[in-house]
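Student: Pasting in a structure now, in structure tokens, and then I'll have a few things to ask.
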């Protein structure tokens, strides 16, 4: 995670920060990637004050950490016929101890302050007259960071265990392997496919339109943020956002045009299509990806599972997936300097970055898409099984139905 964060920040130009701040910024990026509690802090003297806040998860760093931690947790369990819940809990506890210690060290390291240059104009003259020497920086709350980081780890390990096809299922929970694991595995593949498609688009953009450093900064820091945002918009979800001030975003030009407005903008298929009609392809891509994921899950599910039941499982899994995407994809950042207690003094010293979803409508649309594609995937899987000679119908009353 540290390597990915460092390379992304280096591509974004953070290596030139004053005060040897680059390692601390890398530590802060890793902390925020696991849900750690980082806050911006500042001091502007007696007659002025700085106020700032930030909430963002660089999901490229988060995804890298999740894949590495999940692989390390599952490696001892590969090709095991059985593994007790106690053994799995013991392995998770060992990882948690090391993880908490490392995260606590990063939290102590992720602290830095920078001086803010007021310039040579009127603002600088007023600041010199009243002794205003603004500083802005960031600090980390160690306790909340360790707590949220531990919750992130628990979520990653649970997702790894539920979606891994080669890991054994606890003997007391056989339904995990027949009901939960096929859908979980298919949806993890779906999310990774979205990231892979986003990576392909980003590389083509870097090769044809220039700005390779900005593009690679986006890839190494926030590619899943954009890929999964596009996925939810293709489902019909609505986001609200705004960009104002000095924030330099390595994002597609289309998003910057829609978000850089005086008021909070609506981000959905309609508003994006008003700038670029190719956005409607997101719907077709989502339909193909979700139907393929539902088919994959249905193939891995016992043949006795009825299509409507598989559709319900798919809907529940997709709702949970969209919920996680919406919660992790939110962005909120604000910075300002008030002089003599009167508003933001401007001069490039204030700005706002906001991105938040309309959560309930997104979850409702996810449930609808899950039901439809789940039923289609299960129906297609039944036809494939029938063609291959598998039993086309559920077992009779004398046999227990699975799923």
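Numbering (the working numbering), first residue to last: 145 to 547. C-beta: ideal position from N, C-alpha, C; glycine also.
On the DSSP bridge assignment, give the partners of residue 231 in chain order.
Tutor: For the purposes of this step, residue 231 is taken as the residue at position 87 of the chain shown. Beta-bridge pairing links residue 231 to no other residue.
Student: Looking at residue 519: is its Cβ nearer than 8 Å to the Cβ of residue 446?
Tutor: As a position in the chain shown, residue 519 is number 375, starting the count at 1. As a position in the chain shown, residue 446 is number 302, starting the count at 1. For residue 519 and residue 446, no; Cβs fall outside 8 Å.
Student: Just tell me which of 471, 507, 525 and 513 has its CA closest to the CA of residue 201.
Tutor: Here residue 201 is taken as the residue at index 57 of the chain shown, counted from 1. Checking every option, the nearest Cα to that of residue 201 belongs to 471.
Student: Considering Cα atoms alone, identify which of 331, 433 and 169 is closest to residue 341.
Tutor: As a working note, residue 341 is residue 197 in the chain shown. Here the closest residue by C-alpha is 433.
Student: Alpha carbons only, please: which of 415, 287 and 339 is nearest the one belonging to residue 175?
Tutor: The residue you call residue 175 lines up with position 31 of the chain shown. Comparing Cα-Cα distances from residue 175 to each of 415, 287 and 339, the minimum goes to 287.
Student: For residue 141, collect the residues of the same chain with a Cβ closer than 7 Å to its Cβ; drop the 5 residues on either side in sequence, then sort them by chain order.
Tutor: The requested residue 141 does not occur in the structure, where the chain is confined to residues 145 to 547.
Student: Quick check: the stretch 236-247 against the stretch 158-171, are at least 3 beta-carbon pairs closer than 8 Å?
Tutor: For the pair of segments examined, the stretch 158-171 was found not to touch the stretch 236-247: the number of CB pairs separated by less than 8 Å stays below three.
Student: Could you say which of 207, 511 and 336 lies nearest to residue 146 if we only look at CA atoms?
Tutor: The residue labelled residue 146 in the question sits at position 2 within the chain shown. Closest option to residue 146, Cα to Cα, is 207.
Student: Among residues of its own chain, excluding the 5 on either side of residue 500, which ones have a beta-carbon nearer than 6 Å to its beta-carbon?
Tutor: By 1-based counting over the chain shown, the position of residue 500 is 356. Around residue 500: 384 and 474.
Student: Less than 8 Å between CB atoms is the rule here; does residue 319 satisfy it with respect to chain B?
Tutor: Absent from the structure is chain B; it holds one protein chain and no more.
Student: Excluding the five sequence neighbours on either side, which residues of its own chain have a C-beta within less than 7 Å of the C-beta of residue 439, listed in chain order?
Tutor: Indexing the chain shown from 1 puts residue 439 at position 295. Within the same chain, residue 439 has close Cβ partners 521, 524 and 525.
Student: Would you mind stating whether residue 214 and residue 300 have Cβ atoms separated by less than 8 Å?
Tutor: Locating residue 214 in the chain shown gives position 70, counting from the first residue. Locating residue 300 in the chain shown gives position 156, counting from the first residue. Cβ atoms of residue 214 and residue 300: closer than 8 Å.
Student: Over the uninterrupted beta strand (DSSP E) stretch that includes residue 386, give me the two end residues.
Tutor: What you label residue 386 is simply residue 242 of the chain shown in a count that begins at 1. Segment 383-388, the beta strand (DSSP E) holding residue 386.
Student: Indicate whether residue 459 and residue 514 have their beta-carbon atoms separated by less than 8 Å.
Tutor: Position 315 of the chain shown, counted from the start, is the residue given in the question as residue 459. Position 370 of the chain shown, counted from the start, is the residue given in the question as residue 514. It is a contact, given that the beta carbons lie within the stated cut-off.
Student: Beta-carbon within less than 6 Å of residue 461's beta-carbon, same chain only, minus the 5 sequence neighbours each way: which residues are those?
Tutor: Looking up residue 461 in the chain shown gives position 317. For residue 461, the CB contacts under 6 Å within the same chain, skipping 5 residues up- and downstream, are 327 and 331 in chain order.
Student: Within the same chain, show all residues whose beta-carbon is closer than 7 Å to that of residue 402, passing over the 5 residues directly before and after it, in chain order.
Tutor: Taking the chain shown and counting its residues from 1, the one referred to as residue 402 is at position 258. Contacts found: 409, 411, 415, 416 and 419.
Student: May I ask you to list the residues that DSSP assigns as paired with residue 501?
Tutor: Position 357 of the chain shown, counting from 1, holds the residue named residue 501. Answer is 383, bridged to residue 501.
Student: Taking 7 Å as the cut-off, does the CB of residue 176 come closer than this to any heavy atom belonging to the ligand GDP?
Tutor: You won't find the ligand GDP in this model; it holds no ligand whatsoever.
Student: Determine which residues share a DSSP beta bridge with residue 506 and list them.
Tutor: Position 362 of the chain shown, counting from 1, holds the residue named residue 506. According to DSSP, which records beta bridges pairwise, residue 506 is partnered with nothing at all.
Student: Is DSSP giving residue 445 helix, strand or coil here?
Tutor: Position 301 of the chain shown, counted from the start, is the residue given in the question as residue 445. Here residue 445 sits in coil by DSSP.
Student: Residues in the same chain with beta-carbon distance under 6 Å from residue 199, minus the five sequence neighbours each way, listed in chain order, please.
Tutor: Start at 1 with the first residue of the chain shown, and residue 199 comes out as number 55. Once the five neighbours on either side are set aside, the close Cβ partners of residue 199 are 476.
Student: Which residues in the same chain have their Cβ closer than 6 Å to the Cβ of residue 404, if we skip the five residues on either side of it in sequence?
Tutor: Numbered from its first residue, the chain shown carries residue 404 at position 260. Excluding positions up to five away in sequence, the list reads 387.
Student: In whole angstroms, give me the CA-to-CA distance for residue 352 and residue 231.
Tutor: By one-based count along the chain shown, residue 352 stands at place 208. By one-based count along the chain shown, residue 231 stands at place 87. Distance between the alpha carbons of residue 352 and residue 231 is about 51 Å.
Student: Which stretch, first to last residue, makes up the alpha helix (DSSP H) that contains residue 181?
Tutor: Translated into the one-based positions of the chain shown, residue 181 becomes position 37. Taken as a continuous stretch (DSSP letters only), residue 181 belongs to no alpha helix (DSSP H), as it is neither H nor E.
Student: Taking C-alpha atoms, which residue in 161, 234 and 247 lies nearest to residue 177?
Tutor: Here residue 177 refers to the residue found at position 33 when the chain shown is read from its first residue. Here the closest residue by C-alpha is 247.
Student: Name the residue from 304, 444, 325 and 182 whose alpha carbon lies nearest to the alpha carbon of residue 283.
Tutor: Working through the chain shown from its first residue, we reach residue 283 at position 139. Comparing Cα-Cα distances from residue 283 to each of 304, 444, 325 and 182, the minimum goes to 182.
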